[in-house]
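Working notes, structure below.
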Amino acid sequence: MSREKEFAKNTLILAIGRYFPKIFALITIPIVTAELTKSEYGTYDLITTLVSLLLPIVTLQIQSAAFRFLIDARGDEEKSGKIISNIFFFTITTSTITVITFFLIYNQVPVVSRLLICGYFFADIIYLMLGQIARGLSYNKIYSTGAIIVSFMNATLIFVTLKVVNYGLNGVLFAYFVAQVVACIYIIYKIKLRPYIKTRDVSKSVLKELISYSWPMIPNNLSSWILNISDRLIITSVCGPEANAVYAVANKIPYLLSDAQSIMVMGWQENASIAANDKDSSDYYSKMFETMFKLVISATYALVAATPIMFKILIKGDYSDAYGEMPILIVAMFFYCMSAFLGGIYVAYKKTKSVAWTTALAAVINFVINILLVKKLGIRAGSLSTLVAYVFLFVYRMFDVLKIKKIKYNYAELVILVGVLVIMNGMTFQRNIMLDIINMAIALLMIIVCNKTLLYNICKGTMKKVRRRK
């Protein structure tokens, strides 16, 4: 199978594992909000937020090293065993110490609730670790199936614990804990984990190498958090919660682009890592950059053209001010998506410090512009700071990765494609129906121009299948 087909296959498998949990999460929202009190729901949200914040600190993000290092060790069971053993025992040790410490310190929390919180936290860490081990061993189907099991079990148990037996917040925590335990058992069984784990394989040198790769992902996650959250915190503190509500609504449609791209990046990281030592890796990366750029900008054209219609259908209430921010944020998400693609090359060559460094610079730019402009421009400061930060992140990484691998860029083509996007954005701002129709025509034309080879191959393949059936 060609690298391109392998990439498409992995992306599809990962997409299934990514979107099924989102569907089940949407199903459980009405149940959780209806059955929990506001106080319980607030506590539940705080617990999940703290778990997501503390998890990378407790584990030093070593699960990310599992994925990357196991790719290099594929076909070598002894090397894979050493990597898995070190990650497994390190994760078990640090997470056990953390949950015991939490249980003893927070003695004002009821015992049952403490046990469930600790169980949920511990199970979440183990589940994430096992998922990355599965991906590193090339078991993407098992990884995605595990995600589906977690979401299905969680939705089912939340219904039972809230609707049938009415256990409140403890019922939700119990559901999370059991769902992840079941998924962990499934992954352990399917990847046949037991033979890989040996205490004699625990090595200080191996662990040091793994942690040196993984720890920069902690400041990277923190910087990403600043990039995503600082806008809202600053807008809320200066302009008030109502302005932040408008800004939050303005982000809804643009985030559709980054959400879809995040799945492709997961598949790309694996393919980029596998291709890292190939003789033609430079040509492959150059080809994939061009393909991805055209695919993502095509999706961006479509999203910009569809914004007037989507806004009318999806956004209700007094949020008209959000419309003007959407075109800016959509372009910002385009540059974010492309910077994430380039980040996959850093991962391929284990340059996690570069990932962290570039993200941190973008976070600082975002924060400074926000602070300087928010009093004058209001929520527009948030949109502009996000755009400038992600443009910087993309351009910086674009040239920085050249230090690792020579990638050929068609600069004239990139400028023209982005220029068309800027023109379309300008027309969207006018809120004129004729300009909106022209935008749709431009979007359709540009999508065809950007993807003519892909569309031709799809049509050619479809015609072949039709002829065979005849």
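Position 192 of the sequence shown, counting from 1, maps to 800 under this note's numbering, and the rest follow consecutively. Just so you know, even glycine gets a beta-carbon here, dropped at the ideal spot from N, CA and C.
Presumed contact (8 Å Cβ cut-off) between Ile756 and Phe628, rounded CB distance: Sequence index remark: in the sequence shown, residue 756 carries index 148 (1-based). Sequence index remark: in the sequence shown, residue 628 carries index 20 (1-based). Correct: roughly 5 Å between the Cβ atoms.
At least 3 beta-carbon pairs within less than 8 Å: the region 693 to 706 vs the region 664 to 671: yes
Own chain residues within Cβ distance below 6 Å of Met761, not counting five before or after: Indexing the sequence shown from 1 puts residue 761 at position 153. Result list for Met761: Ala787, Val790, in chain order.
Whether Phe1000 touches Ile973 by CB criterion (8 Å): In the sequence shown, counting from the first residue as 1, residue 1000 sits at position 392. In the sequence shown, counting from the first residue as 1, residue 973 sits at position 365. For Phe1000 and Ile973, yes; Cβs fall inside 8 Å.
Candidates Asn694, Ile1012, Cys726, of which the one nearest Thr709 by Cα: To locate residue 709, count along the sequence shown from 1; it is residue 101. The shortest C-alpha separation from Thr709 is found at Cys726.
Cβ of Ala964 within 8 Å of any chain B Cβ: The structure shown has no chain B; it contains just one protein chain.
Length of the line joining the Cα atoms of Ala763 and Ile637: On the sequence shown, position 155 is the one that residue 763 refers to. On the sequence shown, position 29 is the one that residue 637 refers to. Looking at the two C-alpha atoms, the distance is approximately 10 Å.
Completely contained beta strand (DSSP E) runs for the region 861 to 922, where each covers 3 or more residues: Taking only runs of at least 3 residues, no beta strand (DSSP E) segment lies wholly in the region 861 to 922.
Leu738 versus Ile639 - alpha carbon distance: One-based indexing of the sequence shown puts residue 738 at position 130. One-based indexing of the sequence shown puts residue 639 at position 31. So the two alpha carbons sit approximately 29 Å from each other.
Ile733 to Thr699 span [Cα, whole Å]: Working through the sequence shown from its first residue, we reach residue 733 at position 125. Working through the sequence shown from its first residue, we reach residue 699 at position 91. Computed Cα separation, rounded: 8 Å.
Environment of Lys690 [buried if 16+ CB atoms lie within 10 Å]: To locate residue 690, count along the sequence shown from 1; it is residue 82. So Lys690 ends up on the buried side.
Top-ranked residue by Cα proximity to Tyr797, from Gly754, Asn828, Gly779, Leu781: For this step, residue 797 is matched to residue 189 along the sequence shown. The residue with the shortest Cα to Cα distance from Tyr797 is Gly754.
Classification of Ser693 by the beta-carbon crowding that lies within 10 angstroms, buried from 16 upward: For the purposes of this step, residue 693 is identified with residue 85 of the sequence shown, where counting begins at 1. Burial of Ser693 is indicated by the presence of at least 16 other C-beta atoms within 10 angstroms of its C-beta.
heavy atom of the ligand ZN below 7 Å from Leu770 C-beta: You won't find the ligand ZN in this model; it holds no ligand whatsoever.
Element boundaries [alpha helix (DSSP H), containing Trp823]: Stepping through the sequence shown from its first residue, residue 823 is reached at position 215. First-last for Trp823: undefined, no H or E at that position.
Inter-stretch contact (C-beta, 8 Å, three-pair minimum) for the region 950 to 958 and the region 803 to 814: no
Test item: CB-CB of Ile670 and Ile631 under 8 Å: Counting from one through the sequence shown, the residue named residue 670 turns up at place 62. Counting from one through the sequence shown, the residue named residue 631 turns up at place 23. No; because the gap between Cβ atoms is not below 8 Å, this pair is not in contact.
Reference Val912; option with closest CA among Lys924, Ile882, Gln1038, Val982: Against the sequence shown, residue 912 aligns to sequence position 304. Here the closest residue by C-alpha is Gln1038.
Three CB pairs or more closer than 8 Å across the region 1052 to 1059 and the region 928 to 937: no
Backbone secondary structure at Tyr927 - three-state DSSP: Taking the first residue of the sequence shown as 1, we reach residue 927 at position 319. Residue state, collapsed to three classes: coil.
Alpha-carbon to alpha-carbon, Thr641 and Asn859: Reading the sequence shown from its first residue, position 251 is the one you call residue 859. Reading the sequence shown from its first residue, position 33 is the one you call residue 641. The alpha-carbon atoms of Asn859 and Thr641 are separated by roughly 23 Å.
For Val810, the three-state DSSP class (helix, strand or coil): Stepping through the sequence shown from its first residue, residue 810 is reached at position 202. Coil, per DSSP.
Own chain partners of Gly875 with C-beta closer than 7 Å, once the 5 adjacent residues on each side are dropped: Position 267 of the sequence shown holds residue 875. So the qualifying residues of the chain are Phe615, Asn618, Thr619, Leu622.
Which of helix, strand or coil DSSP assigns to Asn859: For this step, residue 859 is matched to residue 251 along the sequence shown. Looking at Asn859 - three-state DSSP - the assignment turns out to be helix.
Of the residues Asn836, Leu818, Lys749, the one placed nearest Tyr794, counting alpha carbons only: Taking the sequence shown and counting its residues from 1, one reaches residue 794 at position 186. That would be Lys749, whose Cα lies nearest to the Cα of Tyr794.
Alpha-carbon spacing of Thr1036 relative to Val773, whole angstroms: Taking the sequence shown and counting its residues from 1, one reaches residue 1036 at position 428. Taking the sequence shown and counting its residues from 1, one reaches residue 773 at position 165. Distance between the alpha carbons of Thr1036 and Val773: 51 Å.
Buried versus exposed, by CB contacts within 10 Å (16 or more), Asn885: The count along the sequence shown starts at 1 and reaches residue 885 at position 277. Flag for Asn885 reads exposed.
Start and end residues, alpha helix (DSSP H) containing Pro803: Numbered from its first residue, the sequence shown carries residue 803 at position 195. Neither: Pro803 is in no alpha helix (DSSP H) and is coded neither H nor E.
Beta-carbon proximity check, Ala964 vs Asn828, cutoff 8 Å: Locating residue 964 in the sequence shown gives position 356, where the first residue counts as 1. Locating residue 828 in the sequence shown gives position 220, where the first residue counts as 1. Yes, the pair counts as a contact, with Cβ atoms nearer than the cut-off.
Delimiting residues of the alpha helix (DSSP H) encompassing Pro664: Stepping through the sequence shown from its first residue, residue 664 is reached at position 56. Boundaries of the alpha helix (DSSP H) around Pro664: 646 to 667.
Thr645 versus Gly776, Arg722, Ser831, residue with shortest Cα-Cα distance: Reading the sequence shown from its first residue, position 37 is the one you call residue 645. Nearest option by C-alpha distance: Gly776.
Cα-Cα separation between Lys1016 and Ser688, rounded to whole angstroms: Start at 1 with the first residue of the sequence shown, and residue 1016 comes out as number 408. Start at 1 with the first residue of the sequence shown, and residue 688 comes out as number 80. The alpha-carbon atoms of Lys1016 and Ser688 are separated by roughly 34 Å.
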